[in-house]
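Chemist:
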Amino acid sequence: MEYKTNKCLNMKQSKFLRPSLLSLGLALGVSASAQSVPDSSRIVQLEEVQVVAGRAGYRTPVSFSEMKKSELKRSAYGQDMPYLLSLLPGVVATSDAGTGLGYTSLKVRGSDASRINITTNGVPLNDSESQGVFWVNMPDFSSSLRDVQVQRGLGTSSNGAAAFGATINMRTEQYGLTPYAQVDLSGGAFGTFRRSASIGSGALSNGWAFDARISKITSDGFVKRADVDLNSYFFQSAYHHNGTLLKLITFGGKEKTGIAWNGIDPNKMDKLGRDYNSAGFMYKDAEGKEHFYHNTDNYNQRHYQAILSQQLGDRWSLNATLHATRGLGYTDEYRTGRKLKEYALKPFELEGNKIKKTDLIRQKHLDNWFYGLITSAQYRAESYDLTFGASANAYDGKHFGYINWIKQYSSPLEPEYRYYDNKSDKKEASAFAKINWQPVSGLNLFADLQYRGIRYKMEGVDDKYSDTDKRMATLDIEQSFNFFNPKAGVSYSLVDGHVVYASVAMGHREPNRKAYTDAGSKGFPTEEKMIDYELGYRWQLPSFAAAVNFYYMDYKDQLVLDGRFSDVGELLFSNVPNSYRMGVELSAGWEPCEYFTWNIAAAFSRNKIDKYTQTFAVYGPGDDDFELRTEEMKNTDISYSPSVVLSNLFTTRYKGLELGLQTQYVGKQYLDNTMNEDRSLKAYCVSALRLGYRLPVSWVEDFSLGLTVNNLFNTEYSSNAYVYDTGYVKGEDGKLTAYNDLRVFPQAPIHLMGSVSIRF
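With mature numbering (1 follows the signal peptide of the UniProt record, and there is no 0) applied, the sequence shown corresponds to residues -34 to -1, 1 to 726, in that order.
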């Protein structure tokens, strides 16, 4: 986040601003290339080739921010990536367990992670079906990252699903030229303990270099039974010779996480406690004590990448990446009072009674592969850069479920009985070409053309019971999409340090799996279309940098969150014909002296649906008195889209000591698209205090201590919520009384985390 003043910097040098100022770690949307030491410049140049196709540069007419490794390290106590990025403009992070570990997510410009394009070394990280990213499967991944770039809006063309809110482009660690070893330990509240060890060979005489890391994170979590047991690894081998760089990379994680995605009824919070978790409830004993089964999520994910970069003279560079991702895991859940027919089971007799509903334990499994090839080439001329590329990816997924136990069941269960079993196949091919052209000094013209073709197929028995067909629902879905996504923009630099830019971009996006399987009476979803208009200004001085960006995102058939949750904790969507997001993003960083830095970021937005049809239930006094009604509403706010997001970071340093105070304010969010105050999440403001000290010792390269006080002012707040049930009750007199049953996710109170890092 911070940058330091170079006392020897003069005005003639000011156009080469320091990388830390330009990245403005947690605040600014400006960037430039770092200067490399001479003996590593060739390697750095080749490293840049690997991801240049999807990265924005200083004169690219898009809004973006960057975080360097040093900034990621300052914030890393094992928390997932959403919390490390949470002070960037318009970013909101959420946590089921209340501590930033386990199941976490983020939103940018009101768009959730399933609508944010996320890549690692240019390889898509979003799940092909849900389109989300499950950071719990990649614990401590930030320890192996070189940097992260967040582009807001459609951004530049990238691999994978379209970016309807942002693009997050992560680069893994650049291999070191000298050998090293490092140990990181951190821990604190709620039994949290992180241990990580990494080692690197440095550049060997034969051209090879090796880096490796292993990590383990355990925590009880703030919310009861939201414990985590997270294991991860990272390994890369790199070969460099003349203009060739080959990197073989594998990373992954194995997690066992206590399920906490039910949330808690806010009306019962005082009685049950903010850390109450209903997941796994079995029964109350005679003394009124509740007993629980430990519901867990268990998943193993491994990523493999082979990246070849080739420099051909001074102008041409080529890049090719082979990749594969393996995912395998399941949820293990105790479910109370479930209808047997929902699991393709028949009623059974017990003491003369016919049992149709009972308790059971289910497992829902995923078994998938994602693999493909990505290629790109870049040509650099005196006045223009041309980049083009193509990719082809395939996804093979299996979904199936077991019933492991049924309460008082009189018949033996088949050990391999699957109450649902279906498979998915998704294939995608894309190609792009883009150019940055400087016809005259200071003027940059940008154009970007992309084609995406997708074929998505699902078949088999689904996990939902069809009351109409009196059996488990059958999936037989096959759809194809062909998208053309043009982008164009211009940037102009009047003088060094001042850039103004404008761009317009078109994007299309296919629906995710849940939009099909949970569509219900709404029917199958349609593709989304969006035109993104951006206008911005960047200003850079040696000790000050600022950026302002205006945007208008015009949607057709946008899939908006409608406040519902699936039974495995995923928010559900429905199409709305016309909607838009518009706003302004501000960011600034100032260093008046070498001892103090001030960074701020602000996002103000208006997020609206032109017409929205609400469907709600009306229950009468009789058992069978029930009807569904609809209400058409106009100019309503889009759900989960705060109109104000503010962040502030003060950093002071003296010699080896650094002290940082960070604060974030997130405005009110509606939980569905009706603007009903009773179905909203209150605004909150939360702060953290960070203390770091680098010991002046000579026997190691670095010896650092850290202490963080999270939720400094002990604020009681919830970062996420959903609508469990809503509707009206009709009295005898015909009067309707509204009811709203919400679930919220309370966050942890004030708590401490400490760290030790030693690098040899």
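Each residue gets a CB set at the ideal place from its N, CA and C atoms; glycine is no exception.
Would you give the residue range spanned by the beta strand (DSSP E) that Met719 belongs to?
Modeler: From DSSP, the beta strand (DSSP E) with Met719 extends over 717 to 725.
Chemist: Please report the straight-line C-alpha distance between Leu306 and Asp251, rounded to a whole angstrom.
Modeler: Between Leu306 and Asp251, the C-alpha separation is close to 25 Å.
Chemist: CB Glu597 to CB Val584, shorter than 7 Å?
Modeler: Contact: no.
Chemist: Is Ser36 helix, strand or coil when you go by DSSP?
Modeler: Looking at Ser36 - three-state DSSP - the assignment turns out to be helix.
Chemist: Taking only three categories from DSSP, how would you classify Trp556?
Modeler: If DSSP states are grouped into helix, strand and coil, Trp556 belongs with the strands.
Chemist: With a CB to CB cut of under 6 Å and the five nearest residues on each side skipped, what residues in its chain are close to Ala704?
Modeler: Answer for Ala704: Tyr694, listed in chain order.
Chemist: Where does Ser(-2) fall in DSSP's three states?
Modeler: Residue placement at Ser(-2) is poorly supported in this model, since its pLDDT is 32, which falls under 50; the coordinates still yield a value, given next. Ser(-2): coil per DSSP, three-state reduction.
Chemist: Does Tyr683 come out as helix, strand or coil in the three-state DSSP assignment?
Modeler: In the structure shown, Tyr683 sits in coil (DSSP, three-state: anything other than H, G, I, E or B).
Chemist: Any beta carbon from chain D within less than 7 Å of Leu623's own beta carbon?
Modeler: Annotation note: the requested chain D is absent from the structure, which comprises a single protein chain.
Chemist: With a CB to CB cut of under 6 Å and the five nearest residues on each side skipped, what residues in its chain are close to Ile420?
Modeler: So the qualifying residues of the chain are Glu394, Phe447, Glu476.
Chemist: Please say whether Thr618 and Phe679 have beta carbons closer to each other than 7 Å?
Modeler: The answer is no: Cβ separation not under 7 Å.
Chemist: Sorted by chain position, which residues of the same chain lie with C-beta nearer than 7 Å to His257's C-beta, five sequence neighbours on each side aside?
Modeler: For His257, where only same-chain residues beyond five positions count, the Cβ hits under 7 Å are Met248, Tyr249, Asp251.
Chemist: If I follow the unbroken beta strand (DSSP E) through Asp603, where does it start and stop?
Modeler: Note, Asp603: beta strand (DSSP E), 592 to 603.
Chemist: For Tyr49, report the span of its alpha helix (DSSP H) as first-last.
Modeler: Here the alpha helix (DSSP H) through Tyr49 covers 47 to 50.
Chemist: Report yes or no: do three or more beta-carbon pairs, one from the segment 707 to 723 and one from the segment 664 to 684, lie closer than 8 Å?
Modeler: Contact holds: three or more Cβ-Cβ distances are below 8 Å.
Chemist: Select from Ser390, Asn451, Ala714 the residue whose C-alpha is nearest the C-alpha of Gln445.
Modeler: Closest by alpha carbon: Ser390.
Chemist: Measuring alpha carbon to alpha carbon, tell me which residue in His207, Glu253, Gly246, Gly279 is nearest Lys190.
Modeler: Ranking His207, Glu253, Gly246, Gly279 by Cα distance to Lys190 puts Gly246 first.
Chemist: Kindly identify the DSSP beta-bridge partner or partners of His474.
Modeler: In DSSP, His474 forms a bridge with Lys495.
Chemist: In chain order, what residues of the same chain lie with their CB nearer than 6 Å to the CB of Asp325, ignoring the 5 residues before and after it?
Modeler: Here the set comprises Thr302, Lys373.
Chemist: Take Ser181 and list the residues in its own chain whose beta-carbon comes closer than 6 Å to its own, dropping the five residues that flank it on each side.
Modeler: Cβ within range, chain order: Asp106, Ser162, Ser198.
Chemist: Taking DSSP as the reference, what is the three-state secondary structure of Trp403?
Modeler: Here Trp403 sits in strand by DSSP.
Chemist: Assuming Ile183 and Leu67 form a contact by the criterion Cβ under 8 Å, report the distance between their Cβ atoms to the nearest whole angstrom.
Modeler: Indeed, because the Cβ distance is near 7 Å, the residues count as touching under 8 Å.
Chemist: So, is Leu718 buried or exposed, given that buried needs 16 or more other C-beta atoms within 10 angstroms?
Modeler: Leu718 should be labelled exposed.
Chemist: Excluding the five sequence neighbours on either side, which residues of its own chain have a C-beta within less than 6 Å of the C-beta of Asp498, listed in chain order?
Modeler: Contacts found: Gly119, Leu120, Ala471, Met519.
Chemist: Locate the beta strand (DSSP E) running through Met235, then write down its first and last residues.
Modeler: Element bounds for Met235: not the beta strand (DSSP E) but the alpha helix (DSSP H), 235 to 238.
Chemist: Going along the chain, which residues of its own chain have a beta-carbon closer than 7 Å to the beta-carbon of Gln271, five neighbours each way excluded?
Modeler: The answer, listed in chain order, is Asn87, Val89, Ile215, Thr287, His289.
Chemist: What does a CB cutoff of less than 7 Å around Gly56 pick up in its chain, not counting 5 residues either side in sequence?
Modeler: Closer than 7 Å at Cβ, skipping near neighbours: Val74, Arg75, Arg118, Glu551, Ala569, Val611.
Chemist: Considering Lys480, what are the terminal residues of the alpha helix (DSSP H) in which it resides?
Modeler: Note, Lys480: alpha helix (DSSP H), 479 to 483.
Chemist: List, from N- to C-terminal side, the beta strand (DSSP E) runs of 3 residues or more that fit wholly inside the segment 190 to 241.
Modeler: Here the runs fully enclosed are 194 to 207, 210 to 224.
Chemist: DSSP on Lys322, reduced to helix/strand/coil?
Modeler: Of the three classes helix, strand and coil, the one that applies to Lys322 here is coil, per DSSP.
Chemist: Excluding the 5 residues flanking Lys364 on each side, which residues of the same chain have their C-beta closer than 6 Å to its C-beta?
Modeler: If we look at Lys364 and ignore the five residues flanking it on each side, its Cβ neighbours are Asp333, Lys389.
Chemist: Given a threshold of 16 other Cβ atoms within 10 Å of its Cβ, counted over all protein chains shown, does Gly168 qualify as buried or as exposed?
Modeler: By the neighbour-count rule (16 or more Cβ atoms within 10 Å), Gly168 is not buried but exposed.
Chemist: Note down the Cα distance separating Asp177 from Ser171, rounded to an integer number of angstroms.
Modeler: Rounded to the nearest angstrom, the two C-alpha atoms are 16 Å apart.
Chemist: Closest by CA to Ser607, which one among Gly355, Thr640, Lys600, Tyr259?
Modeler: Answer by Cα proximity: Thr640.
Chemist: Measure the CB-CB distance between Asn614 and Ile566 and report whether it falls below 7 Å.
Modeler: Cβ distance < 7 Å, so Asn614 and Ile566 count as in contact.
Chemist: Under 7 Å, do Ala132 and Val116 count as touching if we go by C-beta distance?
Modeler: Their beta carbons are under 7 Å apart, which means Ala132 touches Val116 by this criterion.
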